[in-house]
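Asker:
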Amino acid sequence: MVELGSRAVDTPLGRVVIEASREGLTRIQYSDESVNDCGVGRAHLDAGEAWLSGYFDGSPTSEPKLDLSNLTRFRAKVARTLIQGTRFGEVVSYGELAIAAGSPRASRAVGSAMADNPWTLLVPCHRVVRSDGVIGNYSALDGGATKRWLLSHEGQQFDSLDPIDVLHEPPSVDEFAAGAVDHPGRQESRGTGPGRRTGDRSSVL
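Counting the sequence shown from 1 gives a position; the working numbering is that position plus 5.
Structure representation (structure tokens):
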């Protein structure tokens, strides 16, 4: 059995528990559970705590190492693609993330992977929205209200009925991972919000 260490971190949205093996972070979740500060994965826990602090300060540090050993190959690819392909203040649709991860017909599987995301915030499932710009579901805390708070924190400005911009054209895997795609949702400053997307709204994923 893999030994895991854990630590609790207070954030503006509540208590977060970070868990780590010797290989990397295994979980970041909002939780009231007890923690096991046994020394295992301490460097990874330190890195995770520093990243969370930076995220809520608006200046996230480089991503801590993740232990992906409990994920399927597909879900690991989706997680890596999302981390590498979106920056603070950007959004992408489920379908576009599926394409970027190399599985263009797997938008619903991407949605399931986001719902079961072990690393809230760090694997930024809150940045994945429907193709019509509606923010969609969020499994943590108050659901859509929490997702809206996080996107607002990252610079998105919208009211509860207003779609937000997603990528107009699906990126290639290399373009997405390299950050070479011009995201309509990308904010040049915290004070600028996107306009409505005007495009095909036939798909909700």
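Beta carbons are placed, not taken as given, at the ideal position from N, Cα and C, and that holds for glycine. Predicted, not measured: the structure shown is a model, and the values here were computed from it.
In or out: A15 buried (at least 16 other Cβ within 10 Å) or exposed?
Answerer: Along the sequence shown, one-based indexing puts residue 15 at 10. Per the sequence shown, the amino acid found at residue 15 is Asp instead of Ala. Counting Cβ neighbours within 10 Å, D15 comes out exposed, since fewer than 16 surround it.
Asker: Using 8 Å as the threshold, is the region 110-122 in touch with the region 71-88, meaning 3 or more CB pairs across them?
Answerer: These segments touch.
Asker: Decide if P109 is buried, meaning its Cβ has at least 16 other Cβ atoms within 10 Å, or exposed.
Answerer: The sequence position of residue 109 within the sequence shown is 104, counting from 1. Exposed is the call here.
Asker: I think T31 touches E24, with their Cβ atoms under 8 Å apart; what is that distance to the nearest whole Å?
Answerer: Mapped onto the sequence shown, residue 31 falls at position 26. Mapped onto the sequence shown, residue 24 falls at position 19. With a Cβ gap of about 5 Å, T31 and E24 count as contacting.
Asker: I'd like to know whether the C-beta atoms of V7 and A13 end up nearer to each other than 8 Å.
Answerer: The residue labelled residue 7 in the question sits at position 2 within the sequence shown. The residue labelled residue 13 in the question sits at position 8 within the sequence shown. No, the Cβ-Cβ distance between V7 and A13 is not below 8 Å.
Asker: When burial is assigned at 16 or more other CB atoms within 10 Å of the CB, is T86 buried or exposed?
Answerer: Here the question's residue 86 lines up with position 81 in the sequence shown. Its Cβ being crowded by 16 or more others within 10 Å, T86 is buried.
Asker: Measure the CB-CB distance between V83 and A106 and report whether it falls below 8 Å.
Answerer: Within the sequence shown, residue 83 is the residue found at index 78, counting from 1. Within the sequence shown, residue 106 is the residue found at index 101, counting from 1. Yes, the Cβ-Cβ distance between V83 and A106 is below 8 Å.
Asker: S67 lies in the beta strand (DSSP E); which residues open and close that run?
Answerer: In the sequence shown, counting from the first residue as 1, residue 67 sits at position 62. No beta strand (DSSP E) contains S67, which DSSP labels as neither H nor E.
Asker: Taking the alpha carbon of P69 as the reference point, which residue from G46, I140 and L18 has its own alpha carbon closest?
Answerer: For the purposes of this step, residue 69 is identified with residue 64 of the sequence shown, where counting begins at 1. P69 has its Cα closest to that of G46, out of G46, I140 and L18.
Asker: Relative to the alpha-carbon of N41, which residue among S26, A55 and Y35 has its alpha-carbon at the smallest distance?
Answerer: Residue 41 sits at position 36 when you count from the first residue of the sequence shown. Nearest of S26, A55 and Y35 to N41, Cα basis: S26.
Asker: Hey, how far is the Cα of R191 from the Cα of R92?
Answerer: Taking the sequence shown and counting its residues from 1, one reaches residue 191 at position 186. Taking the sequence shown and counting its residues from 1, one reaches residue 92 at position 87. Low local confidence applies: a pLDDT of 37 at R191 is under 50, so the model's placement there is unreliable, with the coordinate-based value given in what follows. Each residue's alpha carbon lies about 8 Å from the other.
Asker: Go ahead and label D72 buried or exposed: buried means 16 or more other beta carbons lie within 10 angstroms of its beta carbon, across all protein chains shown.
Answerer: Along the sequence shown, read from residue 1 onward, the residue named residue 72 stands at position 67. Counting Cβ neighbours within 10 Å, D72 comes out buried, since at least 16 surround it.
Asker: With the cut-off set at 8 Å, would you say I33 and G53 are in Cβ contact?
Answerer: Taking the sequence shown and counting its residues from 1, one reaches residue 33 at position 28. Taking the sequence shown and counting its residues from 1, one reaches residue 53 at position 48. Yes, these two residues count as a Cβ contact at 8 Å.
Asker: Could you spell out the range, first to last residue, of the alpha helix (DSSP H) harbouring L155?
Answerer: Start at 1 with the first residue of the sequence shown, and residue 155 comes out as number 150. Counting along the chain, the alpha helix (DSSP H) containing L155 begins and ends at G149 to H158.
Asker: Here's a check: name, in chain order, each residue in its chain whose Cβ is nearer than 8 Å to the Cβ of G148, leaving out the five neighbours to either side.
Answerer: The count along the sequence shown starts at 1 and reaches residue 148 at position 143. Around G148: N142.
Asker: Could you tell me which of S11, S67, S36 and V134 sits nearest to P100, measuring between CA atoms?
Answerer: Within the sequence shown, the letter at position 95 stands for residue 100. The sequence given here has Gly at residue 100, not Pro. Checking every option, the nearest Cα to that of G100 belongs to V134.
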